[in-house]
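*Asks:* A single structure is presented below for examination.
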Amino acid sequence: MATFKINCAIILLLMSNCFTWSSASYTPNRAVSDTPRKLQYLLEPPVHVEVTSRRGENVTLPCILRTKPSHYKIKWTKLEPGHNGQENIIMISNAKAFKPYGHLGQRASLRRAHSMDASLHLSHLELEDGGRYRCELINGIEDENIIITLRIEGVVFPYQSKNGRYKFTYYEAKEACAEQDGVLATYSQLYRAWTEGLDWCNAGWIHDGTVHYPIVQPRPVCGGDLPPGIRSYGPKDQKHDRFDAFCFTSQTSGSVSYISGSFSFDQAVHACKHQGAELASVGQLYAAWRFQNYDQCNGGWLQDGSVRFPISNPRKNCGGMPEAGVRSFGFPSKTTHLYGAYCYR
Ligand SMILES: *[C@@H]1O[C@H](CO)[C@@H](O)[C@H](O)[C@H]1NC(C)=O
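Heads up: the sequence shown runs through residues -24 to -1, 1 to 321, numbered per mature numbering (1 follows the signal peptide of the UniProt record, and there is no 0).
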């Protein structure tokens, strides 16, 4: 279910006046001007608009007309940071026709709940749909736009190669995340994960080709005396430099279950198959932990050959750490007969 959040309280902490911020939150399309123009046709979004949803769900990005000019079009665009060149148009619509564009256009429609409604409906959300969207009213004279942020709710997890630390080029990191049912995290996803407690002392690639690691508890080996924060190496050579990966995933349509046993990796594969399932990916286990509070105090094989277990209620003898999280035994020898199996169906 999509939720609609108005973060005025947070903005108020940063700005003394909510309204000042509000009137500056849209950009006049043509004229570059320091004095924000009052919107004539579109209703201003309430101060700071972020719509939150999850993978697989449908969402509506609000855009409501205040008054209707006699002739106009509505154009929805996804704003891609660092993406110079062609704009990423999703659809253009007038009173009669609706024309979808590109990958997002396939899943887009106008809600048209009433005659002033130009809200965009997006179905079957994907991991990469998060970002900023622009609703533009074009009447040839005074075009106007508002910007809405869509946030895909999810979880960021660090991922390391089975061959050890710092083995991925950027492209390999991207592939590794895809194999674990994820995508490389964006900086804002990593930042949010850090605010939620992600502490990881190995640097990893993120979506824009930069390299970082998030530290909540500063310690000498993880950036020295710096205060808590995201340690950044900045952009790195995507073909030659090697790091770990920070992957992002969201809810899944299937579910994860545990089969207890003392399996080798191959036996674990068969145990899942026997139940009409397959070994879960790391991303699927993280999603179950994050969205279903999945808690199981037993190491189990995953598809990549790693052994992990999800803890939602930290307790003694379950990994020994005070925080909730997915614990890892790394990549034991596949012939070790010691672990259960996490299956996904
Ligand atoms: C999402 O939208 C699609 C197409 O518009 C529709 O078929 C589907 O039932 C919707 N799903 C939910 C969960 O509302």
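Ideal placement from N, C-alpha and C gives every residue a C-beta, glycine not left out.
This structure is a prediction, so every number in the text was calculated from the model and none was measured.
Quick check on the burial criterion: 16 or more other C-beta atoms within 10 angstroms. Buried or exposed for Tyr2?
*Replies:* As a working note, residue 2 is residue 26 in the sequence shown. Annotation note: pLDDT 34 at Tyr2 (below 50); position unreliable, coordinate value reported separately. It is buried - the Cβ of Tyr2 has at least 16 other Cβ atoms within 10 Å.
*Asks:* In the DSSP assignment, the beta strand (DSSP E) including Ala317 goes from what residue to what residue?
*Replies:* What you label residue 317 is simply residue 341 of the sequence shown in a count that begins at 1. Taken as a continuous stretch (DSSP letters only), the beta strand (DSSP E) holding Ala317 covers 315 to 320.
*Asks:* Where do the ends of the beta strand (DSSP E) carrying Val35 lie?
*Replies:* The residue you call residue 35 lines up with position 59 of the sequence shown. Run containing Val35: 35 to 37, per the beta strand (DSSP E) assignment.
*Asks:* Hey, would you say the C-beta of Ser236 is under 8 angstroms away from at least one heavy atom of ligand 1?
*Replies:* Residue mapping note: residue 236 aligns to position 260 of the sequence shown, counting from 1. No.
*Asks:* Under the criterion of a Cβ to heavy atom distance below 8 angstroms, does Ser99 qualify as lining ligand 1?
*Replies:* Locating residue 99 in the sequence shown gives position 123, where the first residue counts as 1. Checking the Cβ of Ser99 against ligand 1 gives yes.
*Asks:* Looking at the structure shown, is Asp93 part of a helix, part of a strand, or coil, going by DSSP?
*Replies:* Counting from one through the sequence shown, the residue named residue 93 turns up at place 117. In this structure, Asp93 counts as strand in the three-state DSSP scheme.
*Asks:* If you count every other CB in all the chains shown that lies within 10 Å of the CB of Ala73, and 16 or more means buried, which is it?
*Replies:* Position 97 of the sequence shown, counted from the first residue, corresponds to residue 73. Ala73 comes out exposed.
*Asks:* Okay, do the region 218 to 229 and the region 129 to 136 touch, 3+ Cβ pairs below 8 angstroms being the bar?
*Replies:* Contact between the region 218 to 229 and the region 129 to 136 is present, because at least three Cβ pairs lie under 8 angstroms.
*Asks:* Any heavy atom of ligand 1 closer than 8 angstroms to the CB of Ser85?
*Replies:* The residue given as residue 85 occupies position 109 in the sequence shown. Yes, ligand 1 has a heavy atom inside 8 angstroms of this Cβ.
*Asks:* Under 9 angstroms between the Cβ atoms of Tyr315 and Gly252?
*Replies:* Along the sequence shown, read from residue 1 onward, the residue named residue 315 stands at position 339. Along the sequence shown, read from residue 1 onward, the residue named residue 252 stands at position 276. Contact: no.
*Asks:* Let me know the alpha helix (DSSP H) ranges lying completely inside the region 44 to 94, each 4 residues or longer, listed in chain order.
*Replies:* Counting only runs of 4 or more, we get 78 to 81.
*Asks:* Can you tell me whether residue 326 is buried or exposed, with buried defined as 16 or more other CB within 10 angstroms of its CB?
*Replies:* With the chain covering -24 to 321 only, the question about residue 326 has no answer from this structure.
*Asks:* DSSP three-state call for Glu148: helix, strand or coil?
*Replies:* Start at 1 with the first residue of the sequence shown, and residue 148 comes out as number 172. Glu148 falls in the helix class under three-state DSSP.
*Asks:* For the region 275 to 291 and the region 302 to 314, state whether three or more C-beta atom pairs, one from each stretch, are separated by less than 8 angstroms.
*Replies:* Flag = yes, the region 275 to 291 and the region 302 to 314 touch.
*Asks:* What residues in its chain sit with their C-beta under 7 angstroms from that of Thr270, if we drop five residues either side in the sequence?
*Replies:* Taking the first residue of the sequence shown as position 1, residue 270 is located at position 294. Looking at the sequence itself, residue 270 is Tyr, so the reference to Thr does not match. Taken in chain order, the residues that qualify are Val232, Ala264, Pro286, Ser288.
*Asks:* With DSSP run on the structure shown, which of helix, strand or coil describes Phe241?
*Replies:* By 1-based counting over the sequence shown, the position of residue 241 is 265. The answer is helix: DSSP assigns Phe241 an H, G or I state.
*Asks:* Can the beta-carbon of Asp175 be found closer than 9 angstroms to that of Val187?
*Replies:* Here residue 175 refers to the residue found at position 199 when the sequence shown is read from its first residue. Here residue 187 refers to the residue found at position 211 when the sequence shown is read from its first residue. Not a contact, by the Cβ cut-off of 9 angstroms.
*Asks:* For Arg31 versus Leu101, is the C-beta distance shorter than 9 angstroms?
*Replies:* Working through the sequence shown from its first residue, we reach residue 31 at position 55. Working through the sequence shown from its first residue, we reach residue 101 at position 125. Contact: yes.
*Asks:* Can you tell me whether Val197 is buried or exposed, with buried defined as 16 or more other CB within 10 angstroms of its CB?
*Replies:* Along the sequence shown, one-based indexing puts residue 197 at 221. By the neighbour-count rule (16 or more Cβ atoms within 10 Å), Val197 is not buried but exposed.
*Asks:* If contact is defined by three or more beta carbon pairs under 8 angstroms, each pair taking one atom from either stretch, is the region 193 to 213 in contact with the region 114 to 127?
*Replies:* Not touching, per the Cβ criterion.
*Asks:* I believe Tyr318 touches Glu254 by the beta-carbon criterion, under 8 angstroms. Please report the beta-carbon distance rounded to the nearest angstrom.
*Replies:* Locating residue 318 in the sequence shown gives position 342, where the first residue counts as 1. Locating residue 254 in the sequence shown gives position 278, where the first residue counts as 1. Not confirmed; about 10 angstroms, so no contact.
*Asks:* Taking the alpha-carbon of Glu33 as reference, which of Ser226, Cys273, Ser208 has the nearest alpha-carbon?
*Replies:* Within the sequence shown, the letter at position 57 stands for residue 33. Nearest C-alpha to Glu33: Ser226.
*Asks:* Note down, in chain order, each residue of its chain lying with its Cβ closer than 7 angstroms to the Cβ of Ala161, except the 5 sequence neighbours on either side.
*Replies:* Locating residue 161 in the sequence shown gives position 185, counting from the first residue. Within the same chain, Ala161 has close Cβ partners Val132, Ile182, His183, Phe222, Cys223, Phe224.
*Asks:* Figure out for me which residue from Tyr146, Ala152, Ile128, Tyr147 has the closest Cα to the Cα of Lys138.
*Replies:* Taking the sequence shown and counting its residues from 1, one reaches residue 138 at position 162. Per the Cα distances, Ala152.
*Asks:* Leaving aside the five residues before and after Ile114 along the sequence, list all residues of the same chain whose C-beta is less than 7 angstroms from its C-beta, in chain order.
*Replies:* Along the sequence shown, one-based indexing puts residue 114 at 138. Tyr48, Lys49, Lys51.
*Asks:* Ignore the nearest five residues each way along the sequence and tell me which others in Asp242's own chain have a CB closer than 8 angstroms to its CB.
*Replies:* Locating residue 242 in the sequence shown gives position 266, where the first residue counts as 1. Counting only Cβ-Cβ distances below 8 angstroms, and skipping sequence neighbours, we find Lys310.
*Asks:* Residues in its own chain within less than 7 angstroms of Pro45 by CB, not counting five upstream and five downstream?
*Replies:* Taking the first residue of the sequence shown as position 1, residue 45 is located at position 69. The residues are Tyr17, Asn115.
*Asks:* Flag Arg31 as yes if its beta-carbon sits less than 9 angstroms from any beta-carbon of chain B, otherwise no.
*Replies:* Here there is only one protein chain, and chain B is not present.
*Asks:* With 16 as the cutoff for other CB atoms within 10 Å, does Ala256 come out buried or exposed?
*Replies:* Counting from one through the sequence shown, the residue named residue 256 turns up at place 280. Counting Cβ neighbours within 10 Å, Ala256 comes out buried, since at least 16 surround it.
*Asks:* Would Gly81 and Leu103 qualify as a contact pair, given that the criterion is a beta-carbon distance under 9 angstroms?
*Replies:* In the sequence shown, residue 81 corresponds to position 105, counting from 1. In the sequence shown, residue 103 corresponds to position 127, counting from 1. No, Cβ-Cβ distance for Gly81 and Leu103 is not below 9 angstroms.
*Asks:* What's the gap between the Cα of Thr312 and the Cα of Gly230?
*Replies:* The sequence position of residue 312 within the sequence shown is 336, counting from 1. The sequence position of residue 230 within the sequence shown is 254, counting from 1. Answer to the nearest angstrom: the Cα atoms are 28 angstroms apart.
*Asks:* To the nearest angstrom, how far is the alpha carbon of Ser240 from that of Ala247?
*Replies:* Within the sequence shown, residue 240 is the residue found at index 264, counting from 1. Within the sequence shown, residue 247 is the residue found at index 271, counting from 1. If you take the alpha carbons of Ser240 and Ala247, they lie about 10 angstroms apart.
*Asks:* What did DSSP end up calling Asn5 once you bin it into helix, strand or coil?
*Replies:* Counting from 1 along the sequence shown, the entry for residue 5 is found at position 29. Low confidence applies here, because Asn5 scores a pLDDT of 40, under 50, leaving its location unreliable; read the following figure in that light. In this structure, Asn5 counts as coil in the three-state DSSP scheme.
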